[in-house]
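The structure appears right after this line, and notes come after that.
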Ligand code: FCB
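Numbering (the working numbering), first residue to last: 215 to 683.
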């Protein structure tokens with residue numbers, strides 16, 4: 215080969231090596247967006263946790279899923295439409311909790327729990343616009359008093375998916391006065407419950423509400439419109455801000471947070487740049503956009519196929535004292551030529567629950583670390599659980615996820631609590647009663663609760679003698 219030819223080949227080789235180097239660097243850079251976590255080997259053994267003092271250890275429920283008799287919200291209407299809920303179920307009497315508060319508090323004690331996260335049903339409390347239902351308020355005042363008396367710290371969610379029919383009719387989260395009406399509701403809650411409640415969660419899983427309601431259309435209002443979805447997201451953000459302001463004004467010691475559903479997204483191949491970038495995009499959009507908007511005082515939402523939201527909202531700043539993580543699963547992001555947008559998002563290869571999602575406790579540790587790195591605020595695991603009718607997965611599930619929390623605390627991360635979803639089996643939204651998440655099994659005919667597999671392990675891991683008063 216001539217000298218020129220050799221030189222030319224060398225140049226091509228150097229250029230290719232340079233490009234490969236850049237590619238690898240880019241991969242390493244994007245991998246920082248979703249670092250992996252590894253649990254210590256004792257996560258599968260009967261380890262004894264040493265929870266920090268005051269650690270909240272409890273179960274979580276939501277009004278519409280457990281109370282029964284909720285007929286005045288958007289879900290009650292939606293459920294009656296044919297084909298909306300699996301097996302034609304409706305929430306109906308649910309777990310009958312409205313009349314069983316005392317019994318259920320006894321179950322919490324049996325579980326060694328010192329806290330209970332539940333939601334108050336706006337449509338019961340304000341059945342018609344501007345009219346408070348005194349009996350309904352009295353019910354919740356009584357509930358928080360009973361919880362306190364039993365040594366159970368109440369953690370109250372104001373909005374767990376269901377909206378009063380009167381605001382839903384006007385556009386729900388997209389109605390112009392939605393934030394203001396929600397703010398009024400929050401102010402009333404602070405006034406009535408404030409003296410007995412410290413921990414407040416304004417909104418549960420806003421991105422899920424937006425996605426199911428306005429993208430998939432499988433929840434109320436049953437719309438498929440990406441622009442409306444972003445409008446609803448902005449409405450929920452503004453509502454959160456109004457709610458937090460009202461809670462703070464009514465209760466100086468309020469500890470306010472949002473419970474966000476977080477999926478641990480991971481690229482199938484850590485050296486595939488496209489998968490890396492898409493993973494970061496979906497994780498930022500789905501997991502973090504609400505929290506990030508609050509932290510930056512700007513409404514931010516950006517996902518391919520959606521109009522971009524980027525507007526100043528300084529009223530969001532400083533509205534949270536803690537970050538709530540609802541964790542259930544890992545999803546893998548895979549490059550697939552035939553998939554829409556050439557990307558397929560699916561369950562990982564591990565054990566699947568009855569919900570068809572992967573059980574992956576390492577993802578909880580990864581997300582706790584990520585939340586801490588982003589905000590340096592206390593973290594509460596506001597939900598974590600598994601649909602497991604046969605009760606074969608739950609004992610190890612509880613153990614390993616608790617271990618992930620313990621490991622995070624051991625790393626110096628300020629995790630304040632863990633709430634298992636759920637106290638008892640309940641109405642699982644569009645899945646109806648088919649999926650069983652309860653530490654207590656619900657007999658739907660008699661409403662009897664009996665301990666499910668996993669409840670023993672939950673009790674074993676409870677903080678010793680740590681009643682919070
Ligand atoms: C969460 C919801 C909760 C329940 C669990 C299984 O996303 O917040 O209401 O349905 O999933």
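Built from N, CA and C at the ideal position, the CB exists for glycine as well.
In this chain, the beta strand (DSSP E) harbouring residue 593 covers 593-598. In terms of Cα proximity to residue 571, the closest of 652, 544, 387 and 347 is 544. Listed in chain order, the non-local C-beta contacts of residue 558 below 6 Å within the same chain comprise 548 and 550, local neighbours out to five positions each way being set aside.
When the beta-carbon positions are compared, residue 487 and residue 241 come within less than 7 Å of each other. Runs of alpha helix (DSSP H) with 4 or more residues, each lying fully within the segment 592-660, are found at 608-624, listed in chain order. Residues 514 of the same chain have their beta carbon placed closer than 7 Å to that of residue 506, with the five preceding and five following residues left out of the count.
Between the alpha carbons of residue 446 and residue 403 lies a distance of about 23 Å. Within the model, the alpha-carbon separation for residue 522 versus residue 677 is close to 45 Å. Nearest to residue 464 by alpha-carbon distance, out of 481, 397 and 502, is 397. In this structure the segment 601-609 does not lie against the segment 282-290, because fewer than three pairs of beta carbons, one per stretch, are closer than 8 Å. With a cut-off of 6 Å, the C-beta of residue 284 is classified as distant from the ligand FCB, since no heavy atom of the ligand falls inside that distance.
Placement of the Cβ of residue 357 at a distance of 6 Å or more from every heavy atom of the ligand FCB is found. Inclusion of residue 533 and residue 455 in the CB contact set at 7 Å is warranted, their separation being smaller than that value. The segment 320-334 makes contact with the segment 625-637, as at least three CB pairs between them are under 8 Å.
Residue pairing by DSSP places residue 429 opposite no residue, since no beta bridge is assigned to it. Annotated three-state conformation of residue 373 is strand, per DSSP.
Within the same chain, and ignoring the five residues on either side of residue 380 in sequence, the residues whose Cβ sits closer than 7 Å to its Cβ are 342 and 343. For residue 257, the closest C-alpha among the options 615, 296, 459 and 425 is that of 615. The beta carbon of residue 621 lies closer than 7 Å to those of 253, 254 and 579 in the same chain, with the five residues before and after it left out. In the displayed model, residue 486 falls within coil according to three-state DSSP, outside both helix and strand.
Residue 498 is bridged by DSSP to nothing; it lacks a bridge partner. Runs of the beta strand (DSSP E) lying entirely within the segment 487-575, each at least 3 residues long, are 512-515, 523-526, 536-549 and 557-561 in chain order. With a threshold of 6 Å, the Cβ atom of residue 336 does not count as near the ligand FCB, since no heavy atom of the ligand is closer than that. Set against 6 Å, the gap from the CB of residue 343 to the closest heavy atom of the ligand FCB is not smaller. The beta carbon of residue 298 sits closer than 6 Å to the beta carbons of 292 from its chain, once the five residues preceding and following it are set aside; these are given in chain order. In this structure the segment 623-630 does not touch the segment 642-652; the number of beta carbon pairs closer than 8 Å is below three. In chain order, 248, 493, 496, 497, 545 and 547 place their CB closer than 7 Å to the CB of residue 479, counting only its own chain and leaving out the 5 sequence neighbours on each side. When C-beta atoms of the segment 256-272 are compared with those of the segment 303-316, fewer than three pairs fall below 8 Å, so the two segments do not count as touching. Counting along the chain, residue 412 sits inside no beta strand (DSSP E), nor does DSSP assign it H or E at all. Residue 266 carries a coil assignment under DSSP once its states are collapsed to helix, strand and coil. Short note on residue 309: C-beta not closer than 6 Å to any heavy atom of the ligand FCB. Buried is the label assigned to residue 376, since at least 16 other Cβ atoms lie within 10 Å of its Cβ. Within a 10 Å sphere around the beta-carbon of residue 452 sit 16 or more other beta-carbons, which makes this residue buried. Contact check for residue 525 and residue 474: beta-carbon distance about 20 Å, past the 8 Å limit, so the pair fails to qualify. The C-beta distance from residue 666 to residue 605 rounds to 5 Å, short enough to fall under 8 Å.
Within the chosen limit of 6 Å, the ligand FCB does not reach the beta carbon of residue 640 with any heavy atom.
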